[in-house]
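Residue numbers (the working numbering): 521 to 846.
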């Protein structure tokens, strides 16, 4: 899976280094201005013996953060650092123009209790969305479950309006479940990877779901309802039904309608979709549940080829994820 703007395993790495006895400090971007190259929430881990993983700036302030992190490991206190990058210096480190960033440094086991970090790592491992909340003045910290709905939906870590409460969003990786290993799927899967999704392809038809057609991808040859049960469906999962065959699509569709997936899309004409709606009504699903199905699938961009249809599907998934359309 590709993550273009932040190191994804900072909490896990920090916990590993802390447990190994070398000591670890987490540095997190809490606020940015101008053209800072890392988003709020981006993290760098520093070990007591000077190793680093991740990034908070693209290189221009890492050295200073490491020095502060090693000092924080000595005194056990968190610190809030502020860096300004001038226009003259900015071009040399790959910025179009100057910017300012604030970085929170937290030594593990002192400022950030190890058991709280363990709880965060466990939540991430179980695909449970959580927000890590810290008061930058008092140092009070907690994990908030079910809070900050807008931040969680938009994946937007940052400072609250009070200027002292920092909220780091820890969402599970986005997951795309494709039922049907068809031409559109071949185009959609690599696009979805670039957009940050972990794709899974389900198709019990061996000729379709072959590693030759989908090199390096996760393929499941189970019946679709059994496959989605194994995977688990949650609020960070998109389900795309592309087989044209109700015997394959419908079992997965029914599982998704009963779950909390953020997107359900189904291929087919308006006539095909009307028949699908009728089958779901007969199966006892409510109008509200059935209205969650995007069918015919994808934004109407006049797509003709499988690749263009894949673009329209990914665009619609993004619009739904970010709250731009129901």
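Think of the CB as a built atom: it goes at the ideal place given N, C-alpha and C, for glycine as much as any other residue.
Exercise for the section: May I have the straight-line CA-CA distance separating residue 563 from residue 621, to the nearest angstrom? Expected result: 13 Å
Handout entry: Residue of 776, 546 and 588 minimising C-alpha distance to residue 634
Key = 546
Problem - Residue closest to residue 661, alpha-carbon to alpha-carbon, out of 639, 669, 799 and 681 - result: 639
Exercise for the section: Using the Cα positions of residue 679 and residue 807, report the straight-line distance between them to the nearest angstrom. Expected result: C-alpha of residue 679 to C-alpha of residue 807: approximately 39 Å in a straight line.
Handout entry: Cut-off 6 Å between Cβ atoms - residues of its own chain near residue 716, not counting five sequence neighbours on either side
Key = Result list for residue 716: 694, in chain order.
Practice task
For residue 784, I'd like the list of residues in its chain whose CB is within less than 6 Å of its CB, leaving aside the five on either flank, ordered along the chain.
Solution key: 759, 776, 812 and 813
Exercise for the section: Give the C-beta separation of residue 600 and residue 656 to the nearest angstrom, bearing in mind that I take them to be a contact with Cβ-Cβ under 8 Å. Expected result: 6 Å
Exercise for the section: Taking only the alpha-carbon atoms, compute the straight-line gap between residue 810 and residue 803 and give it to the nearest angstrom. Expected result: 11 Å
Exercise for the section: Spell out a yes or no on whether the stretch 637-653 and the stretch 681-700 are touching, meaning 3 or more CB-CB pairs, one atom from each, closer than 8 Å. Expected result: yes
Exercise for the section: Starting from the N-terminal side, write out each stretch of the beta strand (DSSP E) that is 3 residues or longer and does not extend beyond the stretch 564-596. Expected result: The stretch 564-596 contains these whole beta strand (DSSP E) runs: 572-574.
Problem - Presumed contact (8 Å Cβ cut-off) between residue 598 and residue 626, rounded CB distance - result: 5 Å between Cβ atoms; contact.
Practice task
Just the C-alpha distance for residue 741 and residue 550, rounded to the nearest angstrom, thanks.
Solution key: 44 Å
Exercise for the section: Pick helix, strand or coil for residue 834, following the three-state DSSP scheme. Expected result: helix
Handout entry: Candidates 768, 705 and 642, of which the one nearest residue 829 by Cα
Key = 705
Practice task
Check the C-beta distance from residue 788 over to residue 764 and give it rounded, since I have them as a contact under 8 Å.
Solution key: 7 Å
Handout entry: Residue burial classification, residue 595 (beta-carbon count within 10 angstroms, cutoff 16)
Key = exposed
Handout entry: Beta-carbon proximity of residue 772 to residue 699, cut-off 8 Å
Key = yes
Handout entry: Check whether residue 636 and residue 593 have beta carbons under 8 Å apart
Key = The answer is no: Cβ separation not under 8 Å.
Exercise for the section: Provide the residue span of the beta strand (DSSP E) that contains residue 690, from first to last. Expected result: 685-690
Exercise for the section: Please classify residue 840: does DSSP put it in a helix, a strand, or coil? Expected result: helix
Problem - Simplified DSSP assignment, three categories, for residue 796 - result: helix
Practice task
Report buried or exposed for residue 530, applying the criterion of at least 16 other Cβ atoms within 10 angstroms of its Cβ.
Solution key: Residue 530 is buried by the Cβ-count criterion.
Problem - Cα-Cα separation between residue 548 and residue 535, rounded to whole angstroms - result: When rounded, the distance between both Cα atoms is 15 Å.
Practice task
Go through its chain and collect everything with a Cβ distance to residue 589's Cβ below 7 Å, but skip five positions before and after it.
Solution key: 545, 547, 566 and 625
Exercise for the section: Could you check how far apart the C-beta atoms of residue 781 and residue 753 are, in whole angstroms? I think they sit under 8 Å. Expected result: The C-beta separation of residue 781 from residue 753 comes to about 5 Å, placing the pair in contact by the 8 Å criterion.
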